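Line by line, the protein sequences are chains G and F. In this text, residue positions in the first sequence follow my numbering: the first is 4, and each later residue adds one. In this text, residue positions in the second sequence follow my numbering: the first is 21, and each later residue adds one. Virtual Cβ for every residue (Gly too), placed ideally from N, Cα, C. Bear in mind that the values here come from a model prediction, so they are computed numbers and not experimental data. What follows is a short report on a single structure.
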Amino acid sequence: GDSVTQMEGPVTLSEEAFLTINCTYTATGYPSLFWYVQYPGEGLQLLLKATKADDKGSNKGFEATYRKETTSFHLEKGSVQVSDSAVYFCALRGLTGGGNKLTFGTGTQLKVEL
Amino acid sequence: DAGITQSPRHKVTETGTPVTLRCHQTENHRYMYWYRQDPGHGLRLIHYSYGVKDTDKGEVSDGYSVSRSKTEDFLLTLESATSSQTSVYFCAISKGDREYEQYFGPGTRLTVT
Numbered sequence: 004g005d006s007v008t009q010m011e012g013p014v015t016l017s018e019e020a021f022l023t024i025n026c027t028y029t030a031t032g033y034p035s036l037f038w039y040v041q042y043p044g045e046g047l048q049l050l051l052k053a054t055k056a057d058d059k060g061s062n063k064g065f066e067a068t069y070r071k072e073t074t075s076f077h078l079e080k081g082s083v084q085v086s087d088s089a090v091y092f093c094a095l096r097g098l099t100g101g102g103n104k105l106t107f108g109t110g111t112q113l114k115v116e117l
Numbered sequence: 021d022a023g024i025t026q027s028p029r030h031k032v033t034e035t036g037t038p039v040t041l042r043c044h045q046t047e048n049h050r051y052m053y054w055y056r057q058d059p060g061h062g063l064r065l066i067h068y069s070y071g072v073k074d075t076d077k078g079e080v081s082d083g084y085s086v087s088r089s090k091t092e093d094f095l096l097t098l099e100s101a102t103s104s105q106t107s108v109y110f111c112a113i114s115k116g117d118r119e120y121e122q123y124f125g126p127g128t129r130l131t132v133t
């Protein structure tokens with residue numbers, strides 16, 4: 004079945020550092036890929052998406068490129084801020100199964116310090 | 021903002037009691053979902069709905085039932101709550117191109133003592 008693997012956290016960075024959170028997936032064909040962000044005490048928010056190979060999703064300074072050859076969708080940001088501290092989830096919508104269900108990774112906590 | 025509300029936002033209940041959580045949406049989307057979130061497990065799908073009276077099980081459906089009698093409301097019931105059902109519960113809807121994008125409510129923190 005479909006699966007998503009994320010790097011374990013917490014990831015601790017200084018403000019203005021470069022961020023990479025790794026995400027790899029297992030799925031047949033070309034799934035749609037997503038990054039969600041969850042701030043403390045809140046629900047998940049869609050951060051960005053990509054629906055086909057080589058697509059780059061971007062939002063709020065975050066980017067991720069759909070790499071079919073490495074089955075990866077790594078999240079990057081050039082200069083993080085304290086306000087980016089949150090939990091980040093990678094997810095995919097596979098081609099099999101009904102219900103438009105998403106498969107989520109276990110999440111990566113990011114802490115940004117001054 | 022996808023217009024999703026959940027009630028209650030917090031609840032403490034005793035083992036063996038029934039509990040119903042409500043999810044309400046204002047935008048008439050077809051698909052609705054219930055997840056639970058636990059440390060180390062990410063989000064796990066409990067049940068989902070693809071229309072009024074149309075529901076199906078997710079990966080962790082044991083001990084839970086759902087109902088959807090109106091497009092805007094999706095209810096999650098714990099028939100007899102157990103301590104293992106202590107969790108944060110999120111409702112979601114899907115929309116967008118091909119209805120693949122999910123949008124989440126604020127969550128309900130349930131504690132079973």
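Asked, Found
"Mapping DSSP to helix, strand and coil, what is E47 of chain F?", "coil"
"Going straight from the alpha carbon of V108 of chain F to that of N103 of chain G, what length do you get?", "22 angstroms"
"Under a three-way DSSP split, which group does R129 of chain F fall into?", "strand"
"Locate the beta strand (DSSP E) running through Q9 of chain G, then write down its first and last residues.", "6–9"
"By Cβ distance below 8 angstroms, which residues in the same chain neighbour K59 of chain G in space, the five residues on each side in sequence not counted?", "A53, E66, A67, T68, Y69"
"Alpha carbon to alpha carbon, how far is F110 of chain F from K114 of chain G?", "23 angstroms"
"Does E34 of chain F come within less than 8 angstroms of chain G when only Cβ atoms are used?", "no"
"Does N103 of chain G get closer than 8 angstroms to chain F when you measure Cβ to Cβ?", "yes"
"Using 8 angstroms as the threshold, is the C-beta distance between G127 of chain F and G108 of chain G below it?", "no"
"Comparing the C-beta of D76 of chain F with each C-beta of chain G, is any distance below 8 angstroms?", "yes"
"Figure out for me which residue from F:E119, F:Q57, F:S81 has the closest Cα to the Cα of T131 of chain F.", "F:Q57"
"Express the C-alpha separation of L36 of chain G and A94 of chain G in angstroms, rounding to a whole number.", "6 angstroms"
"With DSSP as the reference, please indicate the residues paired to D76 of chain F in a beta bridge.", "F:Y68"
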